[in-house]
Amino acid sequence: MTFSTKALLLASAVSLAAPAFAAGTHPVTGEPLADDQTFTYRVLDEHTSVDPQIVEDVTGSEIVRDLFEGLYNQDAEGNLEPGVALSHTVNEDNTVYTFTLRPDAKWSDGKTVTAGDFVYAWRRLADPATASAYQWYVEVMNLKNAGPVMAGEMGLEELGVRAIDDTTLEVTLENPMPYFALTTTHTSTFPAPAWAIEAHGPDWIKPGNIVVNGAYTLTEHVPNERSVRERNPMYWNNDATIIDKVVALVINDENVALTRYFAGELDRTEIPAGQYPSLKGSNPEEATVFPRLCSYYYTINMSDSAPEFLKDVRVRQALSLAVNRDIIVEKVLQGGQTAAYTFTPGATANFQVPAVEYAGMTQAERNARAAELLSEAGYDKSNPLEIDLIYNTSEAHKKVAIAIAQMWKQTLGVKVTMSNQEWKTFLETRGNQDYQIARAGWCGDYNEASTFLDLVQSGSGYNDAKYASAEVDALLAEAKTMADPQANYTKIEEIIAVDMPLIPIYHYAGNFMIATDLENWPVKNVEQNWYSRNLYKIAE
Amino acid sequence: MFNFILRRVAVAIPTLLILLVASFWLMQTAPGGPFTSERPLPQQVLDNINAKYGLDDPLWKQLWNYLVGIATEFDFGPSYKYKDRTVNDIIAQGFPVTLTYGIISFLVAVIVGGALGVAAAIRQNSWLDYFAVGVTIGAQVLPNFVMGPILILVFTLWLGWLPGGGWNGGQWQHIIMPVIALSTSYMASIARLTRSSMLEVLRSNFIRTARAKGLPDRTIILRHALKPSLLPVISYLGPAFVGMVTGSFIIDAIFGTGGIGYFYVNSAFNRDYAVMMGLTILLGSMTILFNMVIDILYAWIDPKIRL
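Protein chains in written order, with my numbering: chain A, 2 to 541; chain B, 3 to 309.
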């Protein structure tokens, strides 16, 4: 080897090392990055599917958000940021939205992502033959002719979405809807590759067949054990992506998952119920808590089949007033949940939490008022009210139920018969109004108060209380078309705080152990719509 | 012997059919269905889905179509919950996992349990006996849902020797803990059964005769005592083997192995009819088959049964 070749080799080694070193720091923050950019997290249960129009569970949706990209994404705070769409315009009465798509968005097989791919996907979602459990989402989106198309009475081409050209998507709505763009972050609206679906049928989402337009592609899937996704080099923003590989491990037992987290096998896991305070003490940097767009409540049967006493508003008010929410969140749950006096969580975007009267009282005042109301209704400790309470089988629900039953007994002398039911049996019982008071929980589909308040609309399929108020229905209908419907939402909350068809108990909190080297978890995104491409691991 | 086998097979087929019809009927009478959810689906959407899966047909027709599908195409139907795969996919992926750790657990339980039991019996009231009895009692009172997390705590978190779960294509490191957790209580039962039956046999007249003849201990135990003392053990091995190879919900749930035990239990909670039926058929046939094998084995060991 001559001196010059040695020098050449040395020079090339230096030049090769230089970019590698540069890639070792975060382009924006300048933090040193770990060599191994693999993000491993625990999931409770196997995902239902990774087909954007079929998926119906949270676990699956998380994967779909990595594999596919819709018109808009959410940033760390949950605000819209461009995805495949760069921007949109809307006509004056909020019925026609025109999206401009980025020309450089590519599918993993090299084809360009076009407006036609969205049209195909949305029609596929609405198509009765697809039999998607989320077919109703085209009605939530308010697409023109959604109802008749879903029923098969109109052709798919009548659905209010069309491609003007490859980069222009026009959406026509049935009614004006100012917040339409918010609905486009939902996985069921993500584009789908018609050619791959036609070539492989239902197997198109299996590793090897799948064609994606997101930052990652599915490379391995062992049902009930793991799924692995790796970088999609065709993704338009691949250069800004840092995490190379994402592994979701199915671990049913949350305590085992925590042990494995401490053994370094996981970068993120849920904190088992009741362990947040101790973990916060021992691992303060890792134990993370943040508000979620979910409410925990008891629904009160007000249907025709309900016993008379539940139709008495004083009884419902008394039961709600006597619940000491602070005890539930601070002593029973201890996981960062917040006491709820309204159905809609305060974390919901633009939602002004109304000053409902009972929220401002002390618990002693509430208890006194509750006792008064109940005796006015004809019940007291010598003539006690007897109530059945049902919840779905779970330790956590049981603890809450016991605490509340005790509060009702102590404050009001109410005799509560509690029973638990297996999940599907419970849903059937509650859905058939074969109950008096039942546990319930609801998480928002999108970050807007109507995703909660639609539940108290008289015709809603989710209105298990069968509560009917003409005033609420009118306010909700009006809110749909208002530029700023917040005043209506506040008013509705005030009405239901009086009518009390449901007893809000607490708003959920997310509890995670997040490894100290994993950065950028979007704790402020209340919907917890996270994207692996925004995460990164720093060198420790 | 041939007639004996034929008789057993003739009984097995109607048994399986009764099992099928009964579980189909039980499943259908359970409240709720595969698409009952926290967010009740609009009727329109539910109708589409029911039409797609043929769930709008009368029950007898659903059962008939299902059986015809199995008989003609060996198609056990779709999963209503895990929409990207069929029951055949689930069995093809999960059953080899279950079978692997089940068979290894069985071998471990039989070899270790049998050896412990024999050793304890022939050295009755020695330290070996006390040790074996102590171990087996300890193993029997520690259920696997307690032992699993303890194993992970010790071998994964404290010692860092073994991965805390997963299957990883059946790498040996991933098999050890599931096998320990699954085999221990079976091992303990086998040891105790072997010990007591061996003790009984050792006290019987023909062994006394053998001893009187001056046969060496080794010959007495291996040639004369072992076979009869295995009879009660073998009748236990049938259900034990089936119990191990048909999967364990707890092992799958704790170690995330991806076996069919978890799918089976969950399919009942999910009302995932086809998955449940498919796995019932699989596990039912296996139970029947292995019980039959044990019966044959029994008949071979003890000629009195064949009469």
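A virtual CB, placed ideally from N, CA and C, is assigned to each residue, including glycine. The structure displayed is predicted, hence computed values, not measured ones.
Could you please tell me which residues of the region 195-229 of chain A, in chain order, have their CB closer than 9 angstroms to any CB of chain B? P203, D204, I206, K207, H222, V223, P224, N225, E226, R227
For B/I290, verify whether its CB is less than 7 angstroms away from any heavy atom of the ligand NAD. Although the ligand NAD was asked about, the structure shown includes no ligands whatsoever.
Residue interval of the alpha helix (DSSP H) (run including B/W163): Translated into positions along the second sequence, residue 163 of chain B becomes position 161. Counting along the chain, B/W163 falls outside any alpha helix (DSSP H), and DSSP gives it neither H nor E.
6 angstroms Cβ shell around B/I256 - same chain, five flanking residues per side excluded: Within the second sequence, numbered from 1, the residue matching residue 256 of chain B stands at position 254. Excluding residues within five positions, the ones whose Cβ falls inside 6 angstroms are G150.
Which value, in whole angstroms, describes the spacing of the CA atoms of B/I154 and A/S62? Here the question's residue 154 of chain B lines up with position 152 in the second sequence. Here the question's residue 62 of chain A lines up with position 61 in the first sequence. So the two alpha carbons sit approximately 30 angstroms from each other.
Note down, in chain order, every chain B residue with its Cβ under 8 angstroms from the Cβ of A/D52. Taking the first residue of the first sequence as position 1, residue 52 of chain A is located at position 51. Correct list: K85, D86.
Can you tell me which residues form a DSSP beta bridge with A/K107? Counted from its first residue, the first sequence places residue 107 of chain A at position 106. Looking at the DSSP assignment, A/K107 forms a beta bridge with A/T113.
Where does A/V524 fall in DSSP's three states? Counting from one through the first sequence, the residue named residue 524 of chain A turns up at place 523. Coil at A/V524, not helix or strand.
Compute the Euclidean distance between the alpha carbons of A/D313 and A/A372, then round it to the nearest angstrom. For the purposes of this step, residue 313 of chain A is taken as residue 312 along the first sequence, with counting starting at 1. For the purposes of this step, residue 372 of chain A is taken as residue 371 along the first sequence, with counting starting at 1. For A/D313 and A/A372, the distance between alpha carbons rounds to 14 angstroms.
For a test of the three-state rule: what should DSSP assign to A/E171, helix, strand or coil? As a working note, residue 171 of chain A is residue 170 in the first sequence. If DSSP states are grouped into helix, strand and coil, A/E171 belongs with the strands.
In three-state terms, what does DSSP make of A/P502? For the purposes of this step, residue 502 of chain A is identified with residue 501 of the first sequence, where counting begins at 1. Reduced to three states, the DSSP call for A/P502 is coil.
Opposing strand residues paired with A/D465 [DSSP bridges]: Indexing the first sequence from 1 puts residue 465 of chain A at position 464. Answer is none; A/D465 lacks a bridge partner.
Chain A beta carbons: is any one of them nearer than 8 angstroms to that of B/F78? Walking along the second sequence from the start, residue 78 of chain B turns up at place 76. It does not; no Cβ of chain A falls within 8 angstroms.
In chain order, what residues of the same chain lie with their CB nearer than 7 angstroms to the CB of A/D340, ignoring the 5 residues before and after it? Sequence index remark: in the first sequence, residue 340 of chain A carries index 339 (1-based). It is Ala, not Asp, that sits at residue 340 of chain A in the sequence shown. Contacts found: R326, D327, V330, Y507.
Are A/Y217 and A/R232 closer than 8 angstroms when you measure CB to CB? The sequence position of residue 217 of chain A within the first sequence is 216, counting from 1. The sequence position of residue 232 of chain A within the first sequence is 231, counting from 1. Going by C-beta atoms, A/Y217 is nearer than 8 angstroms to A/R232.
Spatial neighbours of A/T115 within its chain, please: C-beta separation below 8 angstroms, excluding the five flanking residues on both sides. Numbered from its first residue, the first sequence carries residue 115 of chain A at position 114. Once the five neighbours on either side are set aside, the close Cβ partners of A/T115 are L102, A164, D167, T168.
According to DSSP, is A/K332 helix, strand or coil? Counting from 1 along the first sequence, the entry for residue 332 of chain A is found at position 331. In this structure, A/K332 counts as helix in the three-state DSSP scheme.
Give a yes or no on whether 8 angstroms exceeds the smallest Cβ distance from B/N67 to chain A. For the purposes of this step, residue 67 of chain B is identified with residue 65 of the second sequence, where counting begins at 1. Taking Cβ atoms only, chain A never reaches closer than 8 angstroms to B/N67, which makes this a no.
Could you give the distance in angstroms between the alpha-carbon of A/A35 and the alpha-carbon of A/N535? In the first sequence, the residue the question calls residue 35 of chain A occupies position 34. In the first sequence, the residue the question calls residue 535 of chain A occupies position 534. About 15 angstroms.
If you draw a straight line from the C-alpha of A/H222 to the C-alpha of A/L311, how long is it? In the first sequence, counting from the first residue as 1, residue 222 of chain A sits at position 221. In the first sequence, counting from the first residue as 1, residue 311 of chain A sits at position 310. The straight-line gap from Cα to Cα measures roughly 50 angstroms.
Burial state of A/P129 (16 or more Cβ within 10 Å): Looking up residue 129 of chain A in the first sequence gives position 128. Result: buried.
Excluding the 5 residues flanking B/G35 on each side, which residues of the same chain have their C-beta closer than 7 angstroms to its C-beta? Here residue 35 of chain B is taken as the residue at index 33 of the second sequence, counted from 1. Answer for B/G35: R273, listed in chain order.
Closest to A/K538 by CA distance: which of A/K107, A/L267, A/N284 is it? Position 537 of the first sequence, counted from the first residue, corresponds to residue 538 of chain A. Checking every option, the nearest Cα to that of A/K538 belongs to A/L267.
Quick one: does B/T31 have its CB under 8 angstroms from some CB of chain A? One-based indexing of the second sequence puts residue 31 of chain B at position 29. Cβ-Cβ to chain A under 8 angstroms: no for B/T31.
Looking at the strands, I want to know which residues DSSP matches up with A/H89. Locating residue 89 of chain A in the first sequence gives position 88, where the first residue counts as 1. Answer by DSSP bridge pairing, in chain order: A/F100.
So B/I154 contacts chain A; which residues on that side make the cut at Cβ distance below 9 angstroms? What you label residue 154 of chain B is simply residue 152 of the second sequence in a count that begins at 1. Within 9 angstroms Cβ-Cβ: V257, T260, R261, A264.
Could you give the distance in angstroms between the alpha-carbon of B/V156 and the alpha-carbon of B/T102? As a position in the second sequence, residue 156 of chain B is number 154, starting the count at 1. As a position in the second sequence, residue 102 of chain B is number 100, starting the count at 1. Rounded to the nearest angstrom, the two C-alpha atoms are 24 angstroms apart.
Go through its chain and collect everything with a Cβ distance to A/E158's Cβ below 8 angstroms, but skip five positions before and after it. Indexing the first sequence from 1 puts residue 158 of chain A at position 157. So the list reads R124, once near-sequence residues are dropped.
Contact under 8 angstroms by Cβ, A/Y180 with A/E449: Mapped onto the first sequence, residue 180 of chain A falls at position 179. Mapped onto the first sequence, residue 449 of chain A falls at position 448. Yes. Within cutoff.
A/F352 versus B/Q64: straight-line alpha-carbon distance, rounded: Here residue 352 of chain A refers to the residue found at position 351 of the first sequence. Here residue 64 of chain B refers to the residue found at position 62 of the second sequence. Those two C-alpha atoms are separated by around 49 angstroms.
Determine, for A/E429, whether the minimum Cβ-Cβ distance to residues of chain B falls below 8 angstroms. Counting from 1 along the first sequence, the entry for residue 429 of chain A is found at position 428. Judged by the 8 angstroms Cβ criterion, A/E429 is in contact with chain B.
Can you name, in chain order, every residue of its own chain whose Cβ lies under 7 angstroms from the Cβ of A/M155, other than the five neighbours on each side? If you number the first sequence from 1, residue 155 of chain A lands on position 154. Here the set comprises N146, P149.
List the residues that DSSP assigns as beta-bridge partners of A/Q422. Residue numbering aside, residue 422 of chain A sits at position 421 when the first sequence is read from its first letter. Its beta-bridge partners are A/N393.
Who are the near neighbours of B/I105 in its chain, counting only those whose CB is closer than 7 angstroms to its CB and skipping five residues on each side? Position 103 of the second sequence, counting from 1, holds the residue named residue 105 of chain B. Cβ neighbours of B/I105 beyond the five flanking positions: V247.
Would you mind sorting B/Y132 into buried or exposed? The rule is 16 or more other CB atoms within 10 Å of its CB. Translated into the one-based positions of the second sequence, residue 132 of chain B becomes position 130. Looking at its Cβ environment, which holds fewer than 16 other Cβ atoms inside 10 Å, B/Y132 is exposed.
Return the residue from the list A/Y436, A/K492, A/A484 that minimises the CA-CA distance to A/K467. Here the question's residue 467 of chain A lines up with position 466 in the first sequence. Ranking the options by Cα distance to A/K467, first place goes to A/Y436.
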